[in-house]
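Have a look at the structure below, then the notes.
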Amino acid sequence: MANFFRRLLCQIFYSSSIENIDFVDILPVPGYLPFELNSWSRYIWVNIFQFLVAINMVTAHVSMLITFVIHAKLLSEQYEILSIFIEETFKFDENFDEIELNKGNIYERQKFIDRRVKVFTEQHIALLKYSNLFQEMYSLFLLLFAVSSGAMVCTVAYIITDPKSTTMMLIIGIVCIFLTEVIIIGTYCWFGQLITDKSLAISEVIYCIPWYNQSLSVQKSILNILTLANQKRIIKGGGVQEFSMKGLNEVCGFCCKFLCLYFG
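The sequence shown lines up with residues 1 to 264 when you count with the UniProt record's numbering.
Structure (structure tokens):
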């Protein structure tokens with residue numbers, strides 16, 4: 001907000017009179033207009049329009065960020081719930097109530113396991129479909145975000161190296177642009193890493209349960225799930241940029257290399 005009206009206040013302060021103010025020079029976002037800004041009323045309306053556009057853009061991006069976080073958290077929790085469900089199926093103590101009804105009856109116990117295996121197999125297939133849909137839904141958006149973040153880094157480098165840049169512009173460039181982008185990128189990468197870690201919970205549970213003592217059909221089902229669960233679910237932007245802690249490290253490394261080359 002302060003940056004939005006900074007140019008107007010500075011221009012008024014340094015101008016000898018209101019008549020000497022060039023309205024085009026003090027617009028928050030200078031650019032082409034289909035009419036001449038020759039009055040305060042036109043300037044105010046253009047200023048309001050640019051302000052609303054800026055607010056809507058920020059709101060849209062924050063909404064996408066919140067939506068991504070909610071979906072990522074939901075997906076990761078579904079992986080964890082399914083891993084617990086698989087573990088509970090083969091733990092006698094945890095299924096005490098259902099097992100007590102069938103104590104001493106191996107056939108009933110086997111039916112119980114077969115029923116549970118069928119349920120979590122279907123749930124795992126549905127979860128994989130949801131995971132693929134999540135990747136498809138955010139792939140293009142994350143790619144565009146990665147490209148725009150790179151452009152922001154270039155903008156900050158230009159502001160820092162521009163001899164005409166004032167102290168206020170340097171503060172705005174570093175605090176309002178660079179740090180904001182780093183925080184947003186870190187959020188995407190953090191929750192992307194969360195999905196990757198939680199997706200491996202199913203395979204970790206399968207390695208720890210005695211499923212190899214069960215019937216052949218149960219073993220086949222578990223092996224199929226294990227094969228799919230061993231594949232890491234890595235969130236990528238356009239299949240190019242990885243959004244995880246490794247991806248965050250790559251982005252930070254790129255920023256450092258770019259700045260070193262630019263200043264070098």
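Even for Gly, the Cβ is constructed at its ideal location relative to N, Cα and C.
Item	Value
Please classify Y212 as buried or exposed, where buried requires at least 16 other C-beta atoms within 10 Å of its C-beta.	exposed
If the criterion is Cβ atoms closer than 8 Å, does the pair S131 and R233 meet it?	yes
Quick one: what's E242 bridged to in DSSP?	K236
Residue range of the alpha helix (DSSP H) that N47 falls in?	40–89
Roughly how many whole angstroms lie between the Cα atoms of N95 and Q231?	Legend: pLDDT at N95 = 47, less than 50; position of this residue unreliable, no value from coordinates given.
Measure from the alpha carbon of K118 to the alpha carbon of each residue in N224, A229, V251, C252, then state which is nearest.	N224
Could you check whether the region 169–186 touches the region 196–206, counting it as contact only if at least three pairs of C-beta atoms, one from each stretch, sit closer than 8 Å?	no
When you compare only the Cα positions, how much space is there between T167 and C176?	13 Å
Give the straight-line distance between the Cα atoms of N56 and V46, rounded to the nearest whole angstrom.	15 Å
Give every residue of the same chain whose Cβ lies closer than 7 Å to the Cβ of I195, excluding the five residues on either side of it in the sequence, and list them in chain order.	A72, L75, S76, R233, I235
For a minimum of 4 consecutive residues, which ranges assigned as the alpha helix (DSSP H) are wholly contained in the region 116–176?	167–171
What's the C-alpha gap between K198 and N249?	20 Å
Beta-carbon separation of K106 and I202 under 8 Å?	A quick correction: the sequence has Ile, not Lys, at residue 106. No, Cβ-Cβ distance for I106 and I202 is not below 8 Å.
Just checking my contact of G237 with L143 at CB under 8 Å: how many whole Å lie between their CB atoms?	4 Å
Mind reading off the beta-carbon distance from L82 to H124? Whole number of angstroms is fine, and I expect it under 8 Å.	6 Å
Would you mind reading off the limits of the alpha helix (DSSP H) that contains W190?	180–199
Looking only at C-alpha atoms, which of S215, Y188, T227 sits nearest to H61?	Y188
Would you tell me roughly how many angstroms separate the C-alpha atoms of M137 and W190, rounded to the nearest one?	18 Å
Which value, in whole angstroms, describes the spacing of the CA atoms of residue 265 and S63?	With the chain represented from 1 up to 264, any question about residue 265 goes unanswered, as that position is not in the structure.
According to DSSP, simplified to helix, strand and coil, what is Q219?	helix
When the distance is taken between beta carbons, is A151 closer than 8 Å to Q241?	no
In three-state terms, what does DSSP make of Q214?	coil
Taking the beta carbon of A54 as the centre, do at least 16 other beta carbons fall within 10 Å, making it buried, or is it exposed?	exposed
Please name the residue, chosen from C154, F134, I160, that lies closest to V251 on a Cα-to-Cα basis.	C154
Express the C-alpha separation of T59 and L52 in angstroms, rounding to a whole number.	10 Å
Look at the alpha carbon of S244 and the alpha carbon of S41, and state the distance between them as a whole number of angstroms.	49 Å
Going straight from the alpha carbon of L216 to that of K129, what length do you get?	26 Å
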